[in-house]
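Single-structure report; data block below.
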Amino acid sequence: MEYDQWERSLTEHYRRPELAATLRGALEKAGKTVRSYKDTAAFDEFHMRGREATRELAALAGMREGLAVLDLGCGLGGPARLLAAEYGCTVTGIDLMAEFVDAAAMLSRMVGLTDKVSFRQGNMLALPFDPATFDTVWSQHTLMNIAAKQTLFEQLHRVLRPSGTLALYEVVAGTMAPRHYPVQWAGDATIDFLVDGPALLDQLATAGFAPLIWQDTTAACLQWFETIQTKMAQRPKGAPPPVALNLVIGPTTAEKAKNTVRNLREDRIRVIYGVLKKSDHG
Ligand SMILES: C[S@@+](CC[C@H](N)C(=O)[O-])C[C@H]1O[C@@H](n2cnc3c(N)ncnc32)[C@H](O)[C@@H]1O
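Rendered as structure tokens:
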């Protein structure tokens, strides 16, 4: 697929017009006040297992006070705010979707974190940053839409400082194909560019990244979905929709979740944590 067509298809998939206004309206309707980054956890972590996964990756990657972090495909900025609030990092988020970036900025203003986090619209394949700008590049559930992973990893190597860290929480292909669609990251196979774990590690090695940690966390993701499905089934009939990720994913949230569970159960997808170090070569 040509670059322009790919970018248009991604934009079409993730488009959420008026997302910031939708979130404000839903919060108001539910009588919820946002004062702390903790108040937005139900809808601003756009990946499996929400904050729990973000904290686990932060621990694995050794996140700490003073690190300059690039959050690739930052979505609504939930992980960025957590890294700032709980670990003292300074985080720059980049996302293809202007409406996500606007919502991320709005939520960060609401919780008083604008001195530690900032967001800009852009394609991660054209990173507008100088060489050796960041200590850590952070990516949660964003590589699945990227066909030109080798190009991306070369750019990540460029923007990282010497011995910088690449922290990944990503969906990878399992042993079975094809996948069931739609899923959160793709309506069909045309923008789904999953590769399996060994292929991803090979591409990372070619770009100059050496793995320190590579862990499968598929079972925990399946368990998380099961807990959510039980909670949803227990909701009283006619209850208003929760102020949760359904606001971001849209009306097909339940169908996408169901397909993701099938894909996880049938080994069509897996979920991994990876922590890699930038090496001098590559
Ligand atoms: C599943 S969401 C994950 C968001 C965030 N990382 C999180 O975990 O909360 C994937 C995000 O990647 C963004 N994205 C997809 N392709 C991108 C690209 N080529 N450049 C920048 N962002 C992209 C989407 O707009 C979306 O916000």
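Numbering (the numbering used here), first residue to last: 1 to 282. Heads up, the beta-carbon is just placed ideally off N, CA and C, and yes, glycines get one too.
- Look at Tyr-37: its beta carbon is at least 7 Å from all of the heavy atoms in ligand 1.
- DSSP lists Val-137, Leu-276 as the beta-bridge partner residues of Leu-166.
- Rounded to whole angstroms, the separation of the alpha carbons of Asp-280 and Arg-235 is 53 Å.
- The shortest CA-to-CA distance from Leu-83 to any of Asp-115, Leu-96, Asp-102 is the one to Asp-115.
- For Thr-217, there is no enclosing beta strand (DSSP E), as DSSP gives it neither H nor E.
- Of the candidates Phe-153, Phe-43, Gly-174, Phe-153 places its Cα closest to the Cα of Thr-165.
- In the same chain as Pro-131, and ignoring 5 residues on each side of it, the C-beta atoms closer than 7 Å to its own belong to Arg-158, Val-159, in chain order.
- Taking the Cβ of Thr-252 as the reference point, every heavy atom of ligand 1 lies at 7 Å or farther away.
- DSSP lists Leu-276 as the beta-bridge partner residues of Pro-211.
- Under the three-state reduction of DSSP, Gln-203 is assigned to helix.
- Between ligand 1 and Met-97, a heavy atom-to-CB distance of less than 7 Å is present.
- Of all alpha-carbon atoms in Gln-184, Leu-194, Arg-120, the one lying nearest the alpha-carbon of Val-172 is that of Leu-194.
- Distances from the CA of Asp-102 to each of Glu-65, Ser-118, Thr-217 were compared; the closest alpha carbon is that of Ser-118.
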